[in-house]
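Notes follow once the structure below has been shown.
4 protein chains.
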Amino acid sequence: MTERKQTLNVAMIGHGFIGRVHSNAFHQVGHFFDIPYKLHLKVVCGRDRTKLDAMASQWGWEGTETDWRAVISRPDIQIVDIAAPNVLHAPIALAAAQAGKIVLCEKPLAMSLEEAEAMAKAVDGLPNLVWFNYRRVPAIAFARALINEGRTGQTFHYRSTYLHQSGTDPARASGWRFKRSEAGSGAMGDLLSHSVDLGFHLNGAITELMAMTHTFVPEREVDDAVMFLARFTNGSIGTFEASRFAVGCRNRNTFEIHGSRGMLRFNMENMNQLEFYDATEAPNLQGTRNLMITGPDHPYSSNFWKPGHIIGYEHTFIATLGDFFGALARHEGFHPDFEDAVLVQRALSAVERSAVSRSWVSLK
Amino acid sequence: MTERKQTLNVAMIGHGFIGRVHSNAFHQVGHFFDIPYKLHLKVVCGRDRTKLDAMASQWGWEGTETDWRAVISRPDIQIVDIAAPNVLHAPIALAAAQAGKIVLCEKPLAMSLEEAEAMAKAVDGLPNLVWFNYRRVPAIAFARALINEGRTGQTFHYRSTYLHQSGTDPARASGWRFKRSEAGSGAMGDLLSHSVDLGFHLNGAITELMAMTHTFVPEREVDDAVMFLARFTNGSIGTFEASRFAVGCRNRNTFEIHGSRGMLRFNMENMNQLEFYDATEAPNLQGTRNLMITGPDHPYSSNFWKPGHIIGYEHTFIATLGDFFGALARHEGFHPDFEDAVLVQRALSAVERSAVSRSWVSLK
Amino acid sequence: MTERKQTLNVAMIGHGFIGRVHSNAFHQVGHFFDIPYKLHLKVVCGRDRTKLDAMASQWGWEGTETDWRAVISRPDIQIVDIAAPNVLHAPIALAAAQAGKIVLCEKPLAMSLEEAEAMAKAVDGLPNLVWFNYRRVPAIAFARALINEGRTGQTFHYRSTYLHQSGTDPARASGWRFKRSEAGSGAMGDLLSHSVDLGFHLNGAITELMAMTHTFVPEREVDDAVMFLARFTNGSIGTFEASRFAVGCRNRNTFEIHGSRGMLRFNMENMNQLEFYDATEAPNLQGTRNLMITGPDHPYSSNFWKPGHIIGYEHTFIATLGDFFGALARHEGFHPDFEDAVLVQRALSAVERSAVSRSWVSLK
Amino acid sequence: MTERKQTLNVAMIGHGFIGRVHSNAFHQVGHFFDIPYKLHLKVVCGRDRTKLDAMASQWGWEGTETDWRAVISRPDIQIVDIAAPNVLHAPIALAAAQAGKIVLCEKPLAMSLEEAEAMAKAVDGLPNLVWFNYRRVPAIAFARALINEGRTGQTFHYRSTYLHQSGTDPARASGWRFKRSEAGSGAMGDLLSHSVDLGFHLNGAITELMAMTHTFVPEREVDDAVMFLARFTNGSIGTFEASRFAVGCRNRNTFEIHGSRGMLRFNMENMNQLEFYDATEAPNLQGTRNLMITGPDHPYSSNFWKPGHIIGYEHTFIATLGDFFGALARHEGFHPDFEDAVLVQRALSAVERSAVSRSWVSLK
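Chains as they are written, first to last, in our numbering: chain A, 15 to 378; chain B, 15 to 378; chain C, 15 to 378; chain D, 15 to 378.
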């Protein structure tokens, strides 16, 4: 059966932590998803030749390149995957779109709303994806299904936190993620972008928001923490908080939803679990149910292992690719795409303006 | 309305930790339960005059006494409550029964099965109670209700642990609870007796068992730990374990039940919660539900506070008294009584014989 | 020893749920705390004669009264305890102060900041207390001790939620708590006042805040939910959220603190536990520790039961009285008093103004 | 750098669930571990031609074969991996050893102790491995490290459960795992073998045990559940329980250890976490610590993702291979090998004999 598959050559720009995660996903997607493509890890591109070679060797990239423009001009490349610092997302994406490639891009999509809009315009008509990988956490996909089935009813409250402690560690706080010129923002683009995308995905659009940001280290260029209050168009209200100073938390990406018919609660640190409270049960049997989202009848459970056998962080990237290539084969659109990321960028822009102006900002 | 209540004078033998717990229950039962009796804390009896006076003063006992025989002979006493070391249970209970008193006794009822049987015979016809207080934990009462309604189906497994670390602390290990002549046994009578009573209460009789005991401190007279495998008459199988050497556990009294239709899990350290897994739900909605057993529609929730407002250890004693005096007023039997405690004592006797003989012992 | 105790006669205005809780505390404080007073439950006052009589009988109040002014004028009363609807707090407290009584008052202290200030002025020089009972949850008292010892270091984040679902239940939403004229506000006075007091108690003063309120039921007079962002004077930032529409939550009163040296997490639904993350441990041994705050060496553990034996909601009221009367005997001030409650009321006032003006409000 | 790696051709016998898990590990080991070998997935062998082809295609096996003997006779194969039903383990392993292959075998190693001993003898001198994959759960490896460092002190109690509900589902209960002729036993070989291996790994040898087995479905050939009490040579006592009738549990593989200095607790359903209670802390700071074993300084954390980013079931197989090939390159022995599996088989044999004879069986 392999011979009937179309080969797609992938070029990846970036070779850090997230580059390894993407490499893994390119290798693994065909093992877990039945897609009519064979992905070939053609070339990985980066600036540090030594690290690049080691990475290419470990992760099975056929070749390496230090100039991303050279990569994009290669006619043998069908897919350009952007895993480089934020400042490079726009130039690479625009060039890749110009060259007619399939474009995959890490979040946050851009350094500004204007950049994001230009990028979305550029990839219009080309298959594209933004790595808001958490949508493919099985528990989150199942939460969305429950919401869409009406199992939580009318939403009253949406509560989101994304808590890291990475900012307090001087050793980890010196990279590009802490430089405004390369990252654009701090916790906002890095963490809050994920939270906002999930908020939209699970609870719809935000009407207006009121934000604040804070930088605990005086000389630091970017925000260490960002928080906002929100009104959603569905009538619910919400809080969002993202921080790199949340000591005690490694990757505590959470949401809670209270609706007229039930509650949902999720924490990425226990990503195979979803808490569900069914308020339509008999009162004395109402309780927070710990659902293990590993099957049966859970999203992606037929792709991975047996019920009770958990998956990890990397599988959210694999599932993202699985769905992306499935959609590609069926000539369907895929989400989250650049347009979805523009919505997130618009919200982040509103967050920034609100924090500066110390006032509510409308998103309508 | 108070004037219509009948006054019952209580004499309590013993004034240690558990004596304080009983005192509290005598004071509080009328606040939380509508019973037609007014309990008067008439006399408390103990050997240490100084401690006894302090205790009487703090807990509102009208008088004190150092000779328990003198207490029992008093005609103004209607209720004798035995909160003394195990070795005294039988002589006091027999005397109190002889004097026609209502007899309440701490667990384990006796030092031996023979003693227990004699005591049960003696109190025959008299209202009596054994302080297996855990039956009145609201979560346990609710677990029993779910089992009786068939919500867990046919039981497959019963798993019980009662884990303390008190035995490893030399400061706490010198009291009467560690002397064979006063306590009869160690973890067995102190902890396992509770577990066995709950096992019978929730899962019925045991057919046969295979036990072992262990004493970690060579010079110690009583068992530090006891474990047994069991076959229940309902066809299920079980494990029981009680220990005073379970470092990390203060009062971890747990049970788990797996049945054809569901699972129940309880831990006394979170006594207001009961975990319930409903295996009749749709497969993708099956999960362990954390029920907060504080109402509505939970046992004793109308007696204590509002839903979400938890109760503590002492309330199990109050509820025991509430039910006891309710039954007394209605001229009904009450459980757990001395007969129930004889069943527990029979099981403990089998445990001891099994541990010594290293063989299965039948309980039929 | 009892004879040496001074008798203090208590009058309580109000006989609902919280009146039962106070009654219990008056009865129990002497059992658990060594105080040189004997509290006598002299008279309970309320408007519904039938319910009042039943309450007095059940909880051992010597007499009843339907006119609170008559109660206050009685010379045989030393303590006036206000457990009536919010609108009555000020008139009763002012009259009681005028009469020179010891005044205890439920939260929120007043209907407005002005009222609160007048009340605080009136009780100046008289022993007084506001029932912010959660300060005496042993786990919260221990959290404060850890903070004060520097175990959490410089605070970065303070996160508070107080989540109820009571507002969604029409049967429970018709009482005085939902009427502006009697309650003043909704979730704000009822729930958020507790959260703000704890915030001050644990993390110090707030510099400025930005709030929003929301009422989900159009015809309802008071706020169903209230949220705010805050800057504390210690340099940390925080979020507060209180709601009666948090389906799935009965009494989820929580806080989380992230500091440079550690994290603390508390949830009233598991009030005997405190989560502590010590960031000064070796990296591979850092984890969220579940401390069972039942002793040894925990606040109030010598007052109640043995380690591992949990207490409940009511004990926070008992401990409040225990500390209050201890301070009274030592001629010391007690907190939280009316002045502390004025600070809370000032914050609530700022919350209201911020929500209306949709802008940041300074608390300096 | 890739060119310097030695290619090893792998043949895998079996293509079911566990075959997919092994295939994944062969592909992935080189991505996460720095080993001087390139594994080539040469041939997969199975009886069902259609399923075999699909599996080979999906998982990238170069060829297929339906006769395992033909596979073993191929000179181009260096590694034979046995993922076939238990009854085939011995014949395949013996043939593969005879052919001088590196032999990897699923657990339980054999149908009987005699078979296991013959197999261990046959592979003597050849690199070999038994897939007791749970040893490589990072949390379990870290538990072992803590034990070996003395952080738990002298062990008092070891408690193990391995709970499944698969046996209650008729749809899942018809395969070879439920036939005595193909599986040898039920829960015993399938689940308990893992538990016993972990028990030995973490707590050392067992001196004697007392077991019982039970089959809930009368016509079923194998045990649905097995339990035993044990004495370890280190002076501790333990309980083991494995069941396929534990409704509510998908893969609840747990252990708890109480020692003089601390407690450890693990549950495979939350495999990235290890609970640790340090009894040497100040009493008021002692609590069960939830360690997230994803780094820093945790086993395998440098191989997989960043701290806070969890891994899943499959990674335990990858880490097993990583260590195996690392040891191979260093010409060191590897554990668990066939000899380790013989020890497990000896214990299972004792369990069977004890259950039949209803008596204690010595393992010395």
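Glycine included, every Cβ here is placed at the ideal spot set by N, Cα and C. Nothing here was measured: the structure is a model prediction, and the numbers come from that model.
- Contact annotation: the region 267-279 of chain D does not touch the region 104-118 of chain D, with fewer than three C-beta pairs closer than 8 Å.
- Within the DSSP bridge table, the entry for C:Met-226 names C:Met-241 as partners.
- By the criterion of at least three beta-carbon pairs nearer than 8 Å, the region 326-334 of chain C is in contact with the region 39-57 of chain C.
- DSSP places D:Gln-300 outside both helix and strand once states are collapsed to three, so it counts as coil.
- Close partners of B:Tyr-291 in chain D (Cβ separation under 9 Å): Val-261, Gly-262 and Cys-263.
- Closer than 8 Å to the CB of B:Met-282 there is not a single CB belonging to chain D.
- In the structure shown, D:Gln-42 falls within a helical segment according to DSSP collapsed to helix, strand and coil.
- Under the DSSP assignment, C:Ile-96 falls outside any alpha helix (DSSP H), being part of the beta strand (DSSP E) whose first and last residues are 93-96.
- Bridge partners of C:Ser-174 according to DSSP: C:Phe-254 and C:Phe-269.
- The beta carbon of D:Lys-193 sits closer than 8 Å to the beta carbons of Glu-235 and Val-236 from its chain, once the five residues preceding and following it are set aside; these are given in chain order.
- According to the DSSP assignment, D:Asp-354 belongs to the alpha helix (DSSP H) that extends over 352-371.
- For B:Phe-338, no beta strand (DSSP E) run applies; the uninterrupted alpha helix (DSSP H) run containing it begins and ends at 328-343, by DSSP.
- D:Met-69 has a beta carbon lying at 8 Å or more from every beta carbon in chain A.
- Of all alpha-carbon atoms in A:Pro-105, A:Lys-121 and A:His-29, the one lying nearest the alpha-carbon of A:Gly-77 is that of A:His-29.
- Using a C-beta cut-off of 8 Å, the region 147-164 of chain B makes no contact with the region 216-231 of chain D, since fewer than three inter-stretch Cβ pairs fall below that distance.
- When C-beta atoms of the region 65-73 of chain B are compared with those of the region 82-95 of chain B, fewer than three pairs fall below 8 Å, so the two segments do not count as touching.
- Taking C-alpha positions only, D:Phe-146 is separated from D:Ser-209 by approximately 9 Å.
- For C:Lys-135, the enclosing alpha helix (DSSP H) stretches over residues 127-137.
- If you draw a 10 Å sphere on the C-beta of D:Phe-31, you find fewer than 16 other C-beta atoms in it, and that means exposed.
- D:Ala-155 has its alpha-carbon roughly 27 Å from the corresponding atom of D:Ala-364.
- With a 10 Å radius around the Cβ and a threshold of 16 neighbouring Cβ atoms, B:Gln-179 comes out buried.
- For the C-beta of C:Ser-199, not a single chain A residue is nearer than 8 Å; the gap to the nearest is close to 17 Å.
- The alpha-carbon separation between D:Tyr-176 and D:Asp-204 amounts to approximately 10 Å.
- Of the candidates A:Asn-142, A:Leu-243, A:Ala-260 and A:Arg-18, the residue whose Cα lies closest to the Cα of A:Glu-346 is A:Asn-142.
- Close partners of C:Arg-303 in chain D (Cβ separation under 8 Å): Leu-299, Gly-301, Thr-302, Arg-303 and Asn-304.
- Of the candidates B:Gln-287, B:Phe-352, B:Glu-131 and B:Ala-293, the residue whose Cα lies closest to the Cα of B:Ile-324 is B:Gln-287.
- When C-beta atoms of the region 292-306 of chain B are compared with those of the region 304-311 of chain A, three or more pairs fall below 8 Å, so the two segments count as touching.
- In summary, the residues of the region 149-167 of chain C whose CB is separated from some CB of chain D by less than 8 Å are Phe-156, in the order they occur in the chain.
- Residues of chain C with a Cβ closer than 8 Å to the Cβ of D:His-312 are, in chain order, Asn-298.
- Residues are counted here when their Cβ sits less than 7 Å from a Cβ of chain A; for the region 221-253 of chain C these are Met-224, Met-226, His-228, Phe-230, Ala-239, Met-241, Leu-243, Ile-251 and Thr-253, given in chain order.
- Between C:Phe-259 and A:Glu-366, the alpha-carbon positions lie close to 30 Å from each other.
- Its chain contains Ile-96, His-103, Ala-107 and Val-144 as the residues whose beta carbon lies nearer than 6 Å to that of B:Cys-119, once the 5 sequence neighbours on both sides are disregarded; these appear in chain order.
- Rounded to whole angstroms, D:Ala-369 and B:Phe-242 show a C-alpha spacing of 14 Å.
- With contacts defined by Cβ atoms closer than 8 Å, D:Leu-206 and D:Leu-362 form a contacting pair.
- For a cut-off of 8 Å, the C-beta gap from C:Arg-83 to C:Ala-109 is around 7 Å, short enough to register as a contact.
- Membership of A:Asp-292 in any alpha helix (DSSP H) is not indicated; the residue belongs instead to the beta strand (DSSP E) covering 287-292.
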